[in-house]
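Peer 1: Got a structure for you, written out below as structure tokens; questions coming shortly.
Numbering (the numbering used here), first residue to last: 1357 to 1599.
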């Protein structure tokens, strides 16, 4: 599958480059399992340590995902937004990015995406959103956690925009927001969000671009205000507990 290296760079970088090229050229497809460490070491004529470093490099940049176990190994992925998520996560930790910044980006990205889907979306696109909404409504009726499905609905809209950069930015903001909301266990999705999603889906189905954008903007803004209130309440409780 692979040829020996020419040794112009560090060995692991050359191995990573060759595997990355195969992925980008679609010679190996999404979810394909790469050869084992031993097999690649033999093909590249390098040590298994070098192959391991190369795979780690590709994992960090979102080209592969490593799974453990008997059926594990390195599998082709397309999580190219992983470095972006990591970088902004560091900015959040350093205090350079605030929660308001994440919501502000969502308000720029998601209404645009919703309008695009309303304008250009297919029946299949509408069906995908409908399936997620049905799962969320079912989870709500059973008293189960709805928030992951809420974000999945928003992710799907951004992905259906067909804009890879928009998708990467949208995925990054939603991933970081998910991280943040995990520290606020009471920030579960209200029934109002499900109602918004139903209306958003109806507007997209009817090809109503303006309403689609306005509704998703209102949905995001409602969550923003809710989270702000929760943060304020937590801060008040923390202050009271210290007295």
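Beta carbons are placed, not taken as given, at the ideal position from N, Cα and C, and that holds for glycine.
With burial defined as no fewer than 16 other Cβ atoms inside 10 Å of the residue's Cβ, what is the status of residue 1450: buried or exposed?
Peer 2: Classification of residue 1450: exposed, given that the 10 Å Cβ count is below 16.
Peer 1: Which residue wins for smallest C-alpha separation from residue 1387, given the options 1396, 1393 and 1434?
Peer 2: The shortest Cα separation from residue 1387 among 1396, 1393 and 1434 belongs to 1434.
Peer 1: Rounded to whole angstroms, what's the CA-CA distance from residue 1594 to residue 1587? Just pull it up for me.
Peer 2: Residue placement at residue 1594 is poorly supported in this model, since its pLDDT is 47, which falls under 50; the coordinates still yield a value, given next. Cα to Cα, residue 1594 sits roughly 10 Å from residue 1587.
Peer 1: Following the continuous alpha helix (DSSP H) through residue 1400, name the residue where it begins and the one where it ends.
Peer 2: First-last of the alpha helix (DSSP H) with residue 1400: 1393–1400.
Peer 1: What first and last residue would you give for the beta strand (DSSP E) that runs through residue 1430?
Peer 2: Run containing residue 1430: 1429–1432, per the beta strand (DSSP E) assignment.
Peer 1: Do the region 1439–1457 and the region 1520–1534 meet, that is, are 3 or more Cβ pairs less than 8 Å apart?
Peer 2: Cβ pair count under 8 Å is three or more, so yes.
Peer 1: Within its chain, find whatever has a CB closer than 7 Å to the CB of residue 1488; leave out the 5 residues flanking it on each side and keep chain order.
Peer 2: If we look at residue 1488 and ignore the five residues flanking it on each side, its Cβ neighbours are 1505, 1508, 1509 and 1512.
Peer 1: Go ahead and pull the three-state DSSP assignment for residue 1597.
Peer 2: Its pLDDT being 46, under 50, residue 1597 is placed unreliably by the model, and the measurement read from it follows with that caveat. Here residue 1597 sits in helix by DSSP.
Peer 1: Mind checking residue 1404: buried by the 16 CB within 10 Å criterion, or exposed?
Peer 2: Per the 10 Å Cβ criterion, exposed.
Peer 1: Check whether the Cβ atoms of residue 1390 and residue 1418 sit closer than 9 Å, and answer yes or no.
Peer 2: Against a cut-off of 9 Å, the Cβ pair of residue 1418 and residue 1390 comes out as no contact.
Peer 1: Under 8 Å Cβ to Cβ from residue 1445, same chain only, skipping five residues before and after it: list those, please.
Peer 2: Around residue 1445: 1532 and 1535.
Peer 1: Compute the beta-carbon to beta-carbon distance between residue 1560 and residue 1465, rounded to the nearest angstrom, for a pair I have assumed lies under 8 Å.
Peer 2: In fact, because the Cβ distance is near 16 Å, the residues do not count as touching under 8 Å.
Peer 1: Just how far apart, CA to CA, sit residue 1493 and residue 1485?
Peer 2: If I take the Cα positions, the gap works out to 12 Å.
Peer 1: Mapping DSSP to helix, strand and coil, what is residue 1566?
Peer 2: Helix at residue 1566.
Peer 1: Going by DSSP in three states, residue 1365 sits in which element: helix, strand or coil?
Peer 2: Residue state, collapsed to three classes: coil.
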